[in-house]
Amino acid sequence: MAIEPIIEVERGARLGREQLKVVKKALAGANGLCILPSDTAYSLACCPTENHVTDDIDRILDRKNLEMSLAVGSLQMARAVAEISPRGGHFMEAFVPGPLTFVAPIRKPRLPALAGRDRVALGPVMLSHKLRGRRRLGIRLTESVIETQTSEALDFPVTTCAIRAADGTPLTEFDASCRRVAEGAAQVGYERPIVAVRSEIPPTRGHSTVVVECTFEDLPALWVKRVGAISFDEIEEVGLRLAYHRVFRPDEPPEGG
Numbered sequence: 001m002a003i004e005p006i007i008e009v010e011r012g013a014r015l016g017r018e019q020l021k022v023v024k025k026a027l028a029g030a031n032g033l034c035i036l037p038s039d040t041a042y043s044l045a046c047c048p049t050e051n052h053v054t055d056d057i058d059r060i061l062d063r064k065n066l067e068m069s070l071a072v073g074s075l076q077m078a079r080a081v082a083e084i085s086p087r088g089g090h091f092m093e094a095f096v097p098g099p100l101t102f103v104a105p106i107r108k109p110r111l112p113a114l115a116g117r118d119r120v121a122l123g124p125v126m127l128s129h130k131l132r133g134r135r136r137l138g139i140r141l142t143e144s145v146i147e148t149q150t151s152e153a154l155d156f157p158v159t160t161c162a163i164r165a166a167d168g169t170p171l172t173e174f175d176a177s178c179r180r181v182a183e184g185a186a187q188v189g190y191e192r193p194i195v196a197v198r199s200e201i202p203p204t205r206g207h208s209t210v211v212v213e214c215t216f217e218d219l220p221a222l223w224v225k226r227v228g229a230i231s232f233d234e235i236e237e238v239g240l241r242l243a244y245h246r247v248f249r250p251d252e253p254p255e256g257g
């Protein structure tokens, strides 16, 4: 399985106009995939509007029963697909840009006839049926300039699924990431386009930190589901400052968390 073209971008730089056209055509025009430099590893991206595309990622990366996170270009775009409270929005903004995944309920879609041309109202309708069937989504206002730029160009979120080695370690090396995707694509008989963007990944600080907005005793709370590059203490400090009732540690999930 050939991965082409390979687009070279300097660390921290944006895609050029023609480079962005190539990525956009692969994702939106051909329902293909793109290897993108995320903030902690290389990721496999798609425009998650078709069931088979999100299924393709799960099959190629051998992801079993894993949640799918979306990279968004703005908080407004995040609110197009997820129910993010005003407090939750302020919490996300406190760590933007940063390696934070904020888990929130999927927005209840309005009927297209009622939504008109309002993309925010149509957002949940446009998500693949597979994603719409889940209770929650992980939302990332990522540090990756290229992920953000791609989402902005599509005017829609893109998936941000870490490419991992056999032992589960996220891959930060470009050639290893391409080999992993090419091998997975060949094994499942994938035939649509896969393009790739090579850009240096910053020295890894670990996984993104995963935070779930929830309730405890009918009051707003946070559950730090996984501690990564952002420490629990940092999350707790910001959460309490924003009047969350309590911030739970990974080993003490609230009921229903």
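Numbering (full-length UniProt numbering) for the sequence shown: 1 to 257. Note that beta-carbon positions come from the ideal geometry of N, C-alpha and C, so glycine has one too. Fair warning: this is a prediction, and the values are worked out from it, not measured in the lab.
Taking 8 Å as the upper bound for CB-CB distance, residue 104 and residue 137 are in contact here, some 7 Å apart.
In terms of Cα proximity to residue 163, the closest of 66, 82, 29, 23 is 66. Residues of the same chain with a CB within less than 6 Å of the CB of residue 14, apart from the 5 flanking positions on each side, are 145, 149 in chain order. In this structure the region 212 to 219 lies against the region 95 to 104, because at least three pairs of beta carbons, one per stretch, are closer than 8 Å.
Three or more beta-carbon pairs separated by less than 8 Å are not found between the region 3 to 20 and the region 59 to 75, which leaves the two stretches without contact. Residue 178 carries a helical assignment under DSSP once its states are collapsed to helix, strand and coil. From the listed residues 63, 186, 58, 34, the smallest Cα separation to residue 5 is found for 34. Taking 8 Å as the cut-off, the Cβ atoms of residue 225 and residue 202 do not count as close. Here the alpha carbons of residue 171 and residue 207 stand approximately 11 Å from one another. Rounded to whole angstroms, the gap between the alpha carbons of residue 221 and residue 1 is 46 Å. Residue 177 is not a Cβ neighbour of residue 10, given a cutoff of 8 Å. For residue 236, the closest alpha carbon among the candidates 227, 179, 247, 242 is that of 247. If you draw a straight line from the Cα of residue 56 to the Cα of residue 63, it is about 10 Å long. In the structure shown, residue 213 falls within a strand segment according to DSSP collapsed to helix, strand and coil. Buried is the label assigned to residue 197, since at least 16 other Cβ atoms lie within 10 Å of its Cβ. For residue 248, the enclosing beta strand (DSSP E) starts and ends at 246 to 248. One alpha carbon belongs to residue 180, the other to residue 41, and they sit about 13 Å apart.
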